[in-house]
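Student: To get the numbering used here, take the position in the sequence shown, counting from 1, and add 60.
Glycine included, C-beta positions come from ideal geometry on N, C-alpha and C.
All values reported here derive from a predicted model rather than from experimental measurement.
First the structure, which I've put down as structure tokens, then a few questions once you've had a look.
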Amino acid sequence: MAHLYPYRRQSLLKSCPNLRIGQSVHAHVTKRGFDSNPFVRAQVVSVYSGHGSQRDVRQLLDEMTETNAVIWNVAISRIFRAGDCSGAREIFDWMPSPNGVTWSAIIAGYAQNGRPRDSLLTFWRMRREDSCSLVNPNIIAGVLSACARLKDLASGEQVHGYAVKIATYTETDAFVGAALVNMYGRCGSMGPARLAFDSMVSKSVVAWSSLAANYVRCNNFSSATGVFREMIRSGAVPNNVTLTTMISACSDMSCLFYGKELHGAVVRRRAEKPDIFISTALIHMYGKCGSMSYARRVFLFDGSLLGCCPIPMWNAMISGYVANDRLDDAFCLVRSMGRSLTSGALLNSVTMATILPVCGKSSSLLYGKELHCYALKHGLDKEVVAGNGLLDMYCKCGKVSSAKNQFDMMIEKNTISWTTLIDGYGTQGDGHAAIEVFESMVREEKVEPDHVTFVALISACSHSGLVGEGLGYFELMTREYGIVPTEENYGCLVDLLSRAGHIDEAMNVIRKMPIEPSSNVWGALLGACRIHGNVDGAELAMHHLLELEPDRSGFQKLLSKIYAQMGRLDSAQNVCEEMIALGVARRLGCSWLDKPSCFIKRRHGKQIHCSTA
């Protein structure tokens, strides 16, 4: 039985939970003389590599009189798995003669650690070293996946051509074929993706799913559904990834009929318990299609089959209610979720991020505070996502001092946190406080602002009449931070100048814009022209607004008010008659009032809904 001992030691080495125990087992193996066994030797190297001890790995490899490629490959793969890319590369460079498996391990290791560019560079190095004979389908598929992640179409085409040239890829290779479909699709080149797919002799479910998913990614939903129907007719059985992709496509198309058809296919192929991802996708789909009754059926039925509803399904239901303006139902569901502690349905950061903006939208400070208490109790207020949601809620409800307290309590802050606080001060007309927050952000905390930060900052300057400061920050954005101004940034600049009465300067900014001015830019000019009674500027803005959004009545109403304000009643009457002749409907306003016992919904001044919160 002595010959079995090395294999028992090998199993023991595999199960070592940490380096210290691994070293003890290694000492025992060496003492008994089993370290010469190649399998045991490979496991010893694996233990040291997996626990991040590269120095010991180098020493072990030096001491071994006989080493084969397997041991080197084990070391490289395990070091990559530990997240040490530089250590794995050092071992690779030290290896006397890497084989195809080694190159494949290096390329895959970089990809697994989020470094696809290094995977691609390693492949080019392999070509330079004239190692064509070592190239195998795994290497080609790995490099194509790296090109897909980088969205590097040119490199992907070169790899494709190289694979065909050295006969590594043929139409019978389903593995490389699926990688080609994914690479071309991720790069937005669906024509070649379809050609690569059609050339495959044997089409795997992965290839079908990849083609459909990339059509969805390119917003070509009709082609995606066509691919799915082809797949069914071919006899291929869709997996959960395929079904989730197609359900998401129905969500984006708001195609309820086809979504129900897919739901039926899901139910028919269901063996035991529902798949959480598919159930969540179905709830999202029904919510986006405005059919919350069906979403609720999926939520209750699949939740009962699973024993309890997982958090993603709760979040999908809440998100659906919010998207369909059923805020009272969203609030009630969050309360139910909070009470369902026995089922494990604890609110998480995603739930908070979904429902807290609704509190801001409906000015429901009382309910927002209730959620804040829950966040404090469960430690969610310290997390960035939930913390930013609380920050935004307090700002939207006009409680900037409470927002500042929440901001100060957050352990980790990101650009969104700082931008939200700046916007909160700006909305309250405290431009100086907004500037102080920005200066603290960039000077003391060294947080990099983005274009949204400057939208909030310049808007704050606009609301406070700080024209010089706003102009200075617009210049700072481009000069110091290299941010290319977006349409929103230009809109804020136009609003800053025109609000202060500098209509001509604002119009000059619009004329010099490198991008086409949007309705937001012209709308800012129109609003300022009303304040300052500038009819010429208002007419110019109105002319462009009618071209951009002919069905929007708010701008035309504003122009009629400007005419009336300037005593040009005939012109005001003409605008109203044009609105009637064009059949432009007035969009009714909608508001929510928060009372201690209920939420009241008003539309155009009339109460239309009341529900208990």
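Figure out for me which residue from Val-581, Thr-538 and Arg-571 has the closest Cα to the Cα of Arg-559.
Tutor: Within the sequence shown, residue 559 is the residue found at index 499, counting from 1. The shortest C-alpha separation from Arg-559 is found at Val-581.
Student: Given Tyr-485, which residues of its chain have a CB within under 7 Å of its CB, disregarding the five upstream and five downstream residues?
Tutor: Position 425 of the sequence shown holds residue 485. Val-460, Ala-493, Ala-494, Val-497 and Ala-520.
Student: Based on Cα-Cα distance, which residue from Glu-505, Ile-226, Gly-449 and Glu-430 lies nearest to Val-410?
Tutor: Residue mapping note: residue 410 aligns to position 350 of the sequence shown, counting from 1. Checking every option, the nearest Cα to that of Val-410 belongs to Gly-449.
Student: Start and end of the alpha helix (DSSP H) containing Tyr-222?
Tutor: Sequence index remark: in the sequence shown, residue 222 carries index 162 (1-based). That run of the alpha helix (DSSP H) goes 213 to 225.
Student: Starting from Cys-349, follow the alpha helix (DSSP H) in both directions and report where the run begins and ends.
Tutor: As a position in the sequence shown, residue 349 is number 289, starting the count at 1. Where Cys-349 is concerned, there is no enclosing alpha helix (DSSP H), given that its DSSP letter is neither H nor E.
Student: Please list the terminal residues of the continuous alpha helix (DSSP H) segment that includes Gly-587.
Tutor: Looking up residue 587 in the sequence shown gives position 527. Looking at the DSSP string, the run of the alpha helix (DSSP H) that includes Gly-587 is 579 to 592.
Student: Are the CB atoms of Met-352 and Arg-399 within a distance shorter than 8 Å?
Tutor: Looking up residue 399 in the sequence shown gives position 339. Looking up residue 352 in the sequence shown gives position 292. Not in contact: Arg-399 and Met-352 (Cβ atoms no closer than 8 Å).
Student: Determine the burial state of Asn-242: buried for a count of at least 16 other Cβ atoms within 10 Å of its Cβ, exposed for fewer.
Tutor: Position 182 of the sequence shown, counted from the start, is the residue given in the question as residue 242. Flag for Asn-242 reads buried.
Student: Have a look at Lys-263 and Ala-223 and give me their C-alpha separation to the nearest angstrom.
Tutor: Counted from its first residue, the sequence shown places residue 263 at position 203. Counted from its first residue, the sequence shown places residue 223 at position 163. Using only the alpha carbons, I get a separation of about 19 Å.
Student: Between the C-alpha atoms of Leu-451 and Asp-312, what's the straight-line distance to the nearest angstrom?
Tutor: Mapped onto the sequence shown, residue 451 falls at position 391. Mapped onto the sequence shown, residue 312 falls at position 252. So the alpha carbons of these two residues sit roughly 30 Å apart.
Student: What residue range is occupied by the uninterrupted alpha helix (DSSP H) comprising Asn-568?
Tutor: Here residue 568 refers to the residue found at position 508 of the sequence shown. Counting along the chain, the alpha helix (DSSP H) containing Asn-568 begins and ends at 563 to 572.
Student: Give me the residue from Arg-590, Gly-583 and Val-595 with the minimum Cα distance to Glu-607.
Tutor: Counting from one through the sequence shown, the residue named residue 607 turns up at place 547. Ranking Arg-590, Gly-583 and Val-595 by Cα distance to Glu-607 puts Gly-583 first.
Student: Between which residues of its own chain and Ala-588 is the CB-CB distance below 6 Å, once the five residues before and five after are set aside?
Tutor: For the purposes of this step, residue 588 is taken as the residue at position 528 of the sequence shown. Around Ala-588: Ser-558 and Arg-559.
Student: Spatial neighbours of Cys-349 within its chain, please: CB distance less than 7 Å, with the 5 preceding and 5 following residues excluded, ordered by chain position.
Tutor: Stepping through the sequence shown from its first residue, residue 349 is reached at position 289. Within the same chain, Cys-349 has close Cβ partners Ser-314, Leu-316 and Gly-319.
Student: Near Glu-505, what residues of its chain come up, given a Cβ to Cβ distance below 6 Å and the 5 sequence neighbours on each side ignored?
Tutor: Position 445 of the sequence shown holds residue 505. Once the five neighbours on either side are set aside, Glu-505 has no close Cβ partner at all.
Student: Measuring CB to CB, does Met-373 end up less than 8 Å from Ser-396?
Tutor: As a working mapping, residue 373 is identified with position 313 in the sequence shown. As a working mapping, residue 396 is identified with position 336 in the sequence shown. No.
Student: Let me make sure I understand the geometry here. Which of Asp-555, Val-515 and Arg-188 has the alpha-carbon closest to that of Ile-543?
Tutor: As a first step, residue 543 is located in the sequence shown; it is residue number 483 there, counting from the start. That would be Val-515, whose Cα lies nearest to the Cα of Ile-543.
Student: Hey, out of Lys-442, His-438, Val-394 and Ile-199, whose CA is closest to Cys-419's CA?
Tutor: Counted from its first residue, the sequence shown places residue 419 at position 359. Per the Cα distances, Val-394.
Student: Looking only at C-alpha atoms, which of Glu-576, Cys-145 and Ile-570 sits nearest to Leu-553?
Tutor: Reading the sequence shown from its first residue, position 493 is the one you call residue 553. Cα-wise, what sits closest to Leu-553 is Ile-570.
Student: Rounded C-beta distance between Leu-526 and Gly-491? I'm assuming under 8 Å.
Tutor: Along the sequence shown, read from residue 1 onward, the residue named residue 526 stands at position 466. Along the sequence shown, read from residue 1 onward, the residue named residue 491 stands at position 431. Yes, they are in contact, since the Cβ atoms of Leu-526 and Gly-491 sit about 5 Å apart, within 8 Å.
Student: In terms of residues, what are the limits of the alpha helix (DSSP H) holding Thr-162?
Tutor: If you number the sequence shown from 1, residue 162 lands on position 102. Per DSSP, Thr-162 belongs to the alpha helix (DSSP H) from 160 to 172.
Student: Over what stretch of residues does the alpha helix (DSSP H) that includes Tyr-318 continue unbroken?
Tutor: Counted from its first residue, the sequence shown places residue 318 at position 258. It spans 316 to 329 - the alpha helix (DSSP H) in which Tyr-318 sits, taken as one unbroken run.
Student: Secondary structure at Gly-447, three-state DSSP: helix, strand or coil?
Tutor: Against the sequence shown, residue 447 aligns to sequence position 387. In the structure shown, Gly-447 sits in a helix (DSSP, three-state: H, G or I).
Student: Where does Lys-506 fall in DSSP's three states?
Tutor: In the sequence shown, the residue the question calls residue 506 occupies position 446. Coil at Lys-506, not helix or strand.
Student: Going by other Cβ atoms of all chains shown within 10 Å of its Cβ, with 16 needed for buried, is His-604 buried or exposed?
Tutor: Along the sequence shown, one-based indexing puts residue 604 at 544. Counting Cβ neighbours within 10 Å, His-604 comes out buried, since at least 16 surround it.
Student: Within the same chain, show all residues whose beta-carbon is closer than 8 Å to that of Gly-489, passing over the 5 residues directly before and after it, in chain order.
Tutor: Residue mapping note: residue 489 aligns to position 429 of the sequence shown, counting from 1. If we look at Gly-489 and ignore the five residues flanking it on each side, its Cβ neighbours are His-523 and Ser-524.
Student: Going by the CB atoms, is the gap between Val-276 and Ser-308 shorter than 8 Å?
Tutor: Position 248 of the sequence shown, counted from the first residue, corresponds to residue 308. Position 216 of the sequence shown, counted from the first residue, corresponds to residue 276. Yes, the pair counts as a contact, with Cβ atoms nearer than the cut-off.
Student: With distance defined between alpha-carbon atoms, name the residue in Lys-464, Asn-408, Lys-456 and Asp-178 nearest to Asp-438.
Tutor: Locating residue 438 in the sequence shown gives position 378, where the first residue counts as 1. Checking the displayed sequence, the identity of residue 438 turns out to be His instead of Asp. For His-438, the nearest C-alpha among the options comes from Asn-408.
Student: Is DSSP giving Phe-99 helix, strand or coil here?
Tutor: Within the sequence shown, residue 99 is the residue found at index 39, counting from 1. Low confidence applies here, because Phe-99 scores a pLDDT of 47, under 50, leaving its location unreliable; read the following figure in that light. If DSSP states are grouped into helix, strand and coil, Phe-99 belongs with the helices.
Student: With a threshold of 8 Å on Cβ separation, who are the neighbours of Leu-271 within its own chain once the five nearest residues in sequence on each side are excluded?
Tutor: On the sequence shown, residue 271 is found 211 positions in, with the first residue counted as 1. Excluding positions up to five away in sequence, the list reads Val-241, Gly-245, Ala-253, Arg-254, Phe-257 and Val-287.
Student: Which of the three DSSP states is assigned to Ala-245 in this structure?
Tutor: Numbered from 1 along the sequence shown, position 185 holds the residue referred to as residue 245. Note that residue 245 is Gly in the sequence shown, not Ala. DSSP places Gly-245 in helix when its eight states are reduced to three.
Student: Report, in whole angstroms, the separation of the C-beta atoms of Val-266 and Ala-238, which I expect to be a contact under 8 Å.
Tutor: Locating residue 266 in the sequence shown gives position 206, where the first residue counts as 1. Locating residue 238 in the sequence shown gives position 178, where the first residue counts as 1. Val-266 to Ala-238, Cβ: 5 Å. Contact.
Student: Report all residues from its chain with a CB closer than 6 Å to the CB of Ser-462; omit the five preceding and five following residues, and keep chain order.
Tutor: The residue you call residue 462 lines up with position 402 of the sequence shown. Only Tyr-454 meet the Cβ criterion.
Student: Please state whether the Cβ-Cβ distance between Asn-159 and Leu-194 is less than 8 Å.
Tutor: As a first step, residue 159 must be located in the sequence shown, where it is residue number 99. As a first step, residue 194 must be located in the sequence shown, where it is residue number 134. Going by C-beta atoms, Asn-159 is nearer than 8 Å to Leu-194.
Student: Buried or exposed, going by whether 16 or more other CB atoms sit within 10 Å of the CB of Met-306?
Tutor: Start at 1 with the first residue of the sequence shown, and residue 306 comes out as number 246. The residue in question, Met-306, is buried, as its Cβ has 16 or more Cβ neighbours within 10 Å.
Student: Grab the span of the alpha helix (DSSP H) containing Ala-273 for me, first residue to last.
Tutor: Translated into positions along the sequence shown, residue 273 becomes position 213. Ala-273 -> alpha helix (DSSP H) spans 265 to 277.
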